[in-house]
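Chemist: What follows is a structure written as structure tokens; I'll ask about it next.
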Amino acid sequence: MSMYSAYMLWKPIQSSMVHGVIPTDKPYMDVVAYIEKNTPEGSVIGMTGGGNVGYFIKGRTIVNMDGLINSYEYFQALQNGEAPLYLREHKMTILFANPRLLAIPPYFGQFAPYLERYNSYGGKDLLYLLEEPKY
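In terms of our numbering, the sequence shown has 52 at position 37, counting the first letter as 1, and numbering is strictly consecutive.
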């Protein structure tokens with residue numbers, strides 16, 4: 016690829032990704048401000064794909080629930096349908112996730128009996144992870 020072709024490819028990307036356009040008084044990710052406002056400090060919060068939120072959030076711990084970067088024990092609990100109990104044992108009390116996503120693999124609906132909806136934001140629900148199943 017010639018330098019000219021690379022430049023022509025980069026130019027539209029550069030114009031759509033302007034550096035410094037986010038005001039310093041505005042949160043980088045609105046979802047972080049939402050979670051901080053709606054959860055107590057010190058909360059352990061489960062999320063699917065929570066890497067960005069986990070990096071930017073303050074005073075809370077984000078646990079990525081997909082099982083890809085977690086412990087072998089969590090992976091086993093997820094496979095055995097015991098993930099809600101395992102996460103409660105590890106102090107998780109809140110989930111921020113799309114409930115439809117929790118109904119499909121790798122979760123297979125195992126969280127549903129343990130969840131109570133509190134609020135919604137951006138297509139995801141803020142959910143309490145109950146100690147005992149509702150049904």
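Glycine included, every Cβ here is placed at the ideal spot set by N, Cα and C.
Below 8 Å on the Cβ atoms is my contact criterion, and I expect residue 46 with residue 137 to pass it. Report the Cβ-Cβ distance as a whole number of Å.
Modeler: 6 Å between Cβ atoms; contact.
Chemist: Cutting at 6 Å between CB atoms, please list the residues of its own chain near residue 65, excluding the five before and the five after it.
Modeler: These residues qualify, in order along the chain: 77 and 79.
Chemist: Less than 6 Å between C-beta atoms, sequence neighbours within five positions excluded: which residues of the same chain meet that for residue 128?
Modeler: So the qualifying residues of the chain are 148, 149 and 150.
Chemist: Between residue 93 and residue 121, which are expected to be in contact by the criterion C-beta below 8 Å, what is the C-beta distance as a whole number of angstroms?
Modeler: About 6 Å; that satisfies the 8 Å criterion.
Chemist: From the DSSP output, which residues share a beta bridge with residue 62?
Modeler: Answer is 79 and 111, bridged to residue 62.
Chemist: Could you name the residues that DSSP lists as bridge partners for residue 132?
Modeler: Residue 132 pairs with 142.
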